[in-house]
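Visitor:
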Amino acid sequence: MAAVATCGTGAGSAGSMAAATSSSDVTSFQRKGPRASGTDSGVPRLVSIAGTRPSVRNGQLLVSTGLPALDQLLGGGLAVGTVLLIEEDKYNIYSPLLFKYFLAEGIINGHTLLVASAKEDPADILQELPAPLLDDNCKKELDEDVYNHKTPESNIKMVGPVSSSRFGHYYDASKRIPQELIEASKWHGFFLPEKISSTFKVEPCSLTHGYIKLLHFIQNIIYEEGFDGSNPQKKQKNILRIGIQNLGSPLWGDDICCTENCDNSHSLTKFLYVLRGLLRTSLSACIITMPTHLIQNKAIIARVTNLSDTVVGLESFIGSERETNPLYKDYHGLIHIRQIPRLNNLICDESDVKDLAFKLKRKLFTIEKQNKKSGVGARQLLETREEHLSSRLLVLTQAERLCMGRRFFTAFHIFNELPCKGDCICLQTCQTR
Numbered sequence: 001m002a003a004v005a006t007c008g009t010g011a012g013s014a015g016s017m018a019a020a021t022s023s024s025d026v027t028s029f030q031r032k033g034p035r036a037s038g039t040d041s042g043v044p045r046l047v048s049i050a051g052t053r054p055s056v057r058n059g060q061l062l063v064s065t066g067l068p069a070l071d072q073l074l075g076g077g078l079a080v081g082t083v084l085l086i087e088e089d090k091y092n093i094y095s096p097l098l099f100k101y102f103l104a105e106g107i108i109n110g111h112t113l114l115v116a117s118a119k120e121d122p123a124d125i126l127q128e129l130p131a132p133l134l135d136d137n138c139k140k141e142l143d144e145d146v147y148n149h150k151t152p153e154s155n156i157k158m159v160g161p162v163s164s165s166r167f168g169h170y171y172d173a174s175k176r177i178p179q180e181l182i183e184a185s186k187w188h189g190f191f192l193p194e195k196i197s198s199t200f201k202v203e204p205c206s207l208t209h210g211y212i213k214l215l216h217f218i219q220n221i222i223y224e225e226g227f228d229g230s231n232p233q234k235k236q237k238n239i240l241r242i243g244i245q246n247l248g249s250p251l252w253g254d255d256i257c258c259t260e261n262c263d264n265s266h267s268l269t270k271f272l273y274v275l276r277g278l279l280r281t282s283l284s285a286c287i288i289t290m291p292t293h294l295i296q297n298k299a300i301i302a303r304v305t306n307l308s309d310t311v312v313g314l315e316s317f318i319g320s321e322r323e324t325n326p327l328y329k330d331y332h333g334l335i336h337i338r339q340i341p342r343l344n345n346l347i348c349d350e351s352d353v354k355d356l357a358f359k360l361k362r363k364l365f366t367i368e369k370q371n372k373k374s375g376v377g378a379r380q381l382l383e384t385r386e387e388h389l390s391s392r393l394l395v396l397t398q399a400e401r402l403c404m405g406r407r408f409f410t411a412f413h414i415f416n417e418l419p420c421k422g423d424c425i426c427l428q429t430c431q432t433r
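At the far end of the sequence shown sits residue 433, using our numbering, and the numbering has no gaps.
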């Protein structure tokens, strides 16, 4: 009754009661953040990292591979925290280009590089990176943002870590990246011959000495420079681009390319397993080139593919029958998108685009879909030869003569789906009968 009497009082008492109720009984459904109509200056925003963009499919942060055509095939780019495996071509001519494009894209965007190789000194690899090829729009952007120069040569030289906001660049394979950009970039090199010791002994059934050294080196860079997020970077957040060349070759101390039943058959797969764990928890992306055509055990290749996120294979026409085939005269090889990552899932996507070919021009490395017109020309050439042979056909057996109504076809014409002509030998034979 007291409650009813209280509710029947004036508006002022009712308002005071509502205020008391709202101050004492706060529910979990009350909005605690700023309202939509208010300013959102206090709301933290996502930090923008140069050379990255979110995926339109799942919001995953992407970086460019340095080849815009390959970015498009991979769904927009290479996801941060993943491994891109490049299956080397037979003579290792075109796979180093993709490796260098990836590193050059990192220098242009100001990313930190980690280059590992057992064959070449990382400093020499950086000296051979291709120069960026800029269009007019990008040149105008650079002029306004950096030096306000006008000559194309100066525009190319001034491409720096903060100069361009575009995602993905084109590169001139005939020119080398300016030395000023290499000196201004931050990179770490791992040259295996300088890291190994002849007195070091590796225990059986463990990782090879080169793999252990490389994993420790990568782990130290990720942790010390804050790419893992545990030790926040002092400056603006950045991306670590890792490039590993010729992984699995005998130069790394691995014998999977020498024998089918090797002693360290699980060394490479263990390395990839640990490496992917490091990448998943850090702002880093990795590209690996591997001579899979030399690995004799197909089971190892299947494990390596499963432990990689993205797999791209290069098939060169050099030394093969396709080099002289007129169907492939406009290309230098085929590119196979074997696996596309589907993050946070148990299965991987497969590319719907088939029949992809690549060619190396004087300046550009391009990826195109095979042109069917060349195949039509070859088909016309074969049909011309078949007509020439049919005109010289003089003798046919009785079993090879077929009659369909009033039209007559030879077995040769039926096989090639060509109509019988008036001067055909089978028609003349039937008319004489």
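Beta carbons are placed, not taken as given, at the ideal position from N, Cα and C, and that holds for glycine.
#1: Nearest to L214 by CA position, among L268, Y91 and I340, is which residue?
#2: Buried or exposed for T259, going by 16 or more other Cβ atoms inside 10 Å?
#3: Rounded to whole angstroms, what is the Cα-Cα separation between I288 and L327?
#4: Beta carbon of F317, beta carbon of H332: below 8 Å?
#5: Tell me, please, which residues DSSP counts as bridged to Q370.
#6: Grouping DSSP H, G and I as helix and E and B as strand, with all else coil, what is V115?
#7: Using CA atoms only, rank isn't needed, just tell me which of S185, F217 and G210 is closest to A104.
#8: I'd like the list of long-range same chain contacts for A50, defined as Cβ closer than 6 Å, with 5 residues on each side in sequence excluded.
#9: Counting only runs of 3+ residues fully inside the region 49-136, write out the beta strand (DSSP E) ranges in chain order.
#10: Could you give the C-beta distance for I461 and L314, rounded to a whole number, given that I count them as a contact under 8 Å?
#11: Looking only at its chain, what residues have a beta carbon closer than 8 Å to the beta carbon of S265, apart from the 5 residues adjacent to it on each side?
#12: Taking the CB atoms as reference points, tell me whether V115 and G210 lie closer together than 8 Å.
#13: Could you tell me which of L207, A131 and I182 sits nearest to L275, measuring between CA atoms?
#14: Quick one: measure Cβ to Cβ for F102 and T65, integer angstroms, because I've assumed they're closer than 8 Å.
#15: With H, G and I counted as helix, E and B as strand and the rest as coil, what does DSSP make of L272?
#16: Judging by CA-CA distance, which residue of V80, K90 and P132 is the nearest neighbour of K446?
#17: Can you tell me the Cα-Cα spacing of I222 and T82, whole angstroms?
#18: By the three-class DSSP mapping on this structure, what secondary structure does S320 have?
#19: Looking at L364 and Y94, is the spacing between their C-beta atoms short of 8 Å?
#20: Tell me the DSSP secondary structure of Y171 in three-state form.
#21: What's the gap between the Cα of G229 and the Cα of L283?
#22: According to DSSP, is H188 part of a helix, a strand, or is it coil?
#23: State the Cα-Cα distance for the pair T292 and V56, rounded to the nearest angstrom.
#24: Looking at L251 and F118, is the spacing between their C-beta atoms short of 8 Å?
#25: Tell me which residue opens and which closes the alpha helix (DSSP H) that K298 is part of.
#26: Around the Cβ of N58, are there at least 16 other Cβ atoms within 10 angstroms (buried) or fewer (exposed)?
#27: Taking the C-alpha atoms as reference points, what is the distance between Q370 and H216?
#28: Which partner residues of K359 appear in the DSSP bridge assignment?
#29: Please list the terminal residues of the continuous alpha helix (DSSP H) segment that includes I221.
#30: In angstroms, rounded to a whole number, what distance separates the CA positions of L279 and K237?
#31: Measure the C-alpha to C-alpha separation of L192 and L247 and round it to an integer number of angstroms.
#32: Which of the three DSSP states, helix, strand or coil, is assigned to L240?
#33: With distances taken between CB atoms, is the gap from R338 to T305 smaller than 8 Å?
#34: When the Cα of I182 is compared with those of L113, Q245, I242 and S174, which residue comes out closest?
#35: Can you check DSSP and say which residues form a bridge with H336?
#36: So the candidates are L240, A69, K361 and E321; which of them puts its Cα closest to the Cα of F167?
Guide: This is what the structure gives:
#1: The residue labelled residue 214 in the question sits at position 214 within the sequence shown. L268 is the residue among L268, Y91 and I340 whose C-alpha sits nearest the C-alpha of L214.
#2: Reading the sequence shown from its first residue, position 259 is the one you call residue 259. Exposed, because fewer than 16 other Cβ atoms sit within 10 Å of the Cβ of T259.
#3: Mapped onto the sequence shown, residue 288 falls at position 288. Mapped onto the sequence shown, residue 327 falls at position 327. Whole-angstrom Cα-Cα distance: 31 Å.
#4: Reading the sequence shown from its first residue, position 317 is the one you call residue 317. Reading the sequence shown from its first residue, position 332 is the one you call residue 332. Against a cut-off of 8 Å, the Cβ pair of H332 and F317 comes out as a contact.
#5: For this step, residue 370 is matched to residue 370 along the sequence shown. Q370 is not bridged to any residue.
#6: Here residue 115 is taken as the residue at index 115 of the sequence shown, counted from 1. The three-state reading of DSSP puts V115 in strand, counting E and B together.
#7: Here residue 104 refers to the residue found at position 104 of the sequence shown. When only C-alpha atoms are compared, the closest one is S185.
#8: Residue mapping note: residue 50 aligns to position 50 of the sequence shown, counting from 1. Excluding sequence positions up to five before and after A50, its CB lies within less than 6 Å of the CB of N109 and G110, all in the same chain and listed in chain order.
#9: Taking 3 residues as the shortest admissible run, the region 49-136 contains the following complete beta strand (DSSP E) segments, listed from N- to C-terminal end: 52-54, 61-63, 83-87, 112-117 and 130-133.
#10: Outside the displayed range of the chain (1 to 433) lies residue 461, so it cannot be described from this structure.
#11: Stepping through the sequence shown from its first residue, residue 265 is reached at position 265. I256, N297 and I300, listed in sequence order.
#12: Within the sequence shown, numbered from 1, the residue matching residue 115 stands at position 115. Within the sequence shown, numbered from 1, the residue matching residue 210 stands at position 210. No, these two residues do not count as a Cβ contact at 8 Å.
#13: The residue given as residue 275 occupies position 275 in the sequence shown. Comparing C-alpha distances from L275 to each of L207, A131 and I182 shows the shortest one belongs to L207.
#14: To locate residue 102, count along the sequence shown from 1; it is residue 102. To locate residue 65, count along the sequence shown from 1; it is residue 65. Sure, about 6 Å apart at Cβ, within 8 Å.
#15: By 1-based counting over the sequence shown, the position of residue 272 is 272. Looking at L272 - three-state DSSP - the assignment turns out to be helix.
#16: Residue 446 falls outside the range modelled here, since the chain spans only 1 to 433, and no answer is possible.
#17: In the sequence shown, counting from the first residue as 1, residue 222 sits at position 222. In the sequence shown, counting from the first residue as 1, residue 82 sits at position 82. About 15 Å.
#18: In the sequence shown, residue 320 corresponds to position 320, counting from 1. The answer is coil: DSSP assigns S320 none of H, G, I, E or B.
#19: To locate residue 94, count along the sequence shown from 1; it is residue 94. To locate residue 364, count along the sequence shown from 1; it is residue 364. Contact: no.
#20: Indexing the sequence shown from 1 puts residue 171 at position 171. Note: Y171 maps to strand in three-state DSSP.
#21: Residue numbering aside, residue 229 sits at position 229 when the sequence shown is read from its first letter. Residue numbering aside, residue 283 sits at position 283 when the sequence shown is read from its first letter. Computed Cα separation, rounded: 8 Å.
#22: Along the sequence shown, read from residue 1 onward, the residue named residue 188 stands at position 188. Here DSSP, grouped into helix, strand and coil, assigns H188 to strand.
#23: If you number the sequence shown from 1, residue 292 lands on position 292. If you number the sequence shown from 1, residue 56 lands on position 56. Counting only the Cα atoms, V56 lies some 32 Å from T292.
#24: Locating residue 118 in the sequence shown gives position 118, where the first residue counts as 1. Locating residue 251 in the sequence shown gives position 251, where the first residue counts as 1. Residue identity check: residue 118 is Ala in the sequence provided, not Phe. Contact flag set, yes.
#25: One-based indexing of the sequence shown puts residue 298 at position 298. For K298, the enclosing alpha helix (DSSP H) begins and ends at K298 to L307.
#26: Position 58 of the sequence shown, counted from the first residue, corresponds to residue 58. That one is exposed.
#27: Stepping through the sequence shown from its first residue, residue 370 is reached at position 370. Stepping through the sequence shown from its first residue, residue 216 is reached at position 216. If you take the alpha carbons of Q370 and H216, they lie about 43 Å apart.
#28: Here residue 359 refers to the residue found at position 359 when the sequence shown is read from its first residue. According to DSSP, which records beta bridges pairwise, K359 is partnered with T366.
#29: As a first step, residue 221 is located in the sequence shown; it is residue number 221 there, counting from the start. Looking at the DSSP string, the run of the alpha helix (DSSP H) that includes I221 is H209 to E224.
#30: Taking the first residue of the sequence shown as position 1, residue 279 is located at position 279. Taking the first residue of the sequence shown as position 1, residue 237 is located at position 237. Roughly 16 Å between the two C-alpha positions.
#31: The count along the sequence shown starts at 1 and reaches residue 192 at position 192. The count along the sequence shown starts at 1 and reaches residue 247 at position 247. Taking the straight line joining both Cα atoms gives about 11 Å.
#32: One-based indexing of the sequence shown puts residue 240 at position 240. DSSP places L240 in the strand class (E or B) of the three-state scheme.
#33: Locating residue 338 in the sequence shown gives position 338, counting from the first residue. Locating residue 305 in the sequence shown gives position 305, counting from the first residue. A contact, by the Cβ cut-off of 8 Å.
#34: Here residue 182 is taken as the residue at index 182 of the sequence shown, counted from 1. The residue with the shortest Cα to Cα distance from I182 is L113.
#35: Residue 336 sits at position 336 when you count from the first residue of the sequence shown. Beta bridge pairing from DSSP links H336 with G313.
#36: As a working note, residue 167 is residue 167 in the sequence shown. Residue A69 holds the alpha-carbon nearest to the alpha-carbon of F167 among L240, A69, K361 and E321.
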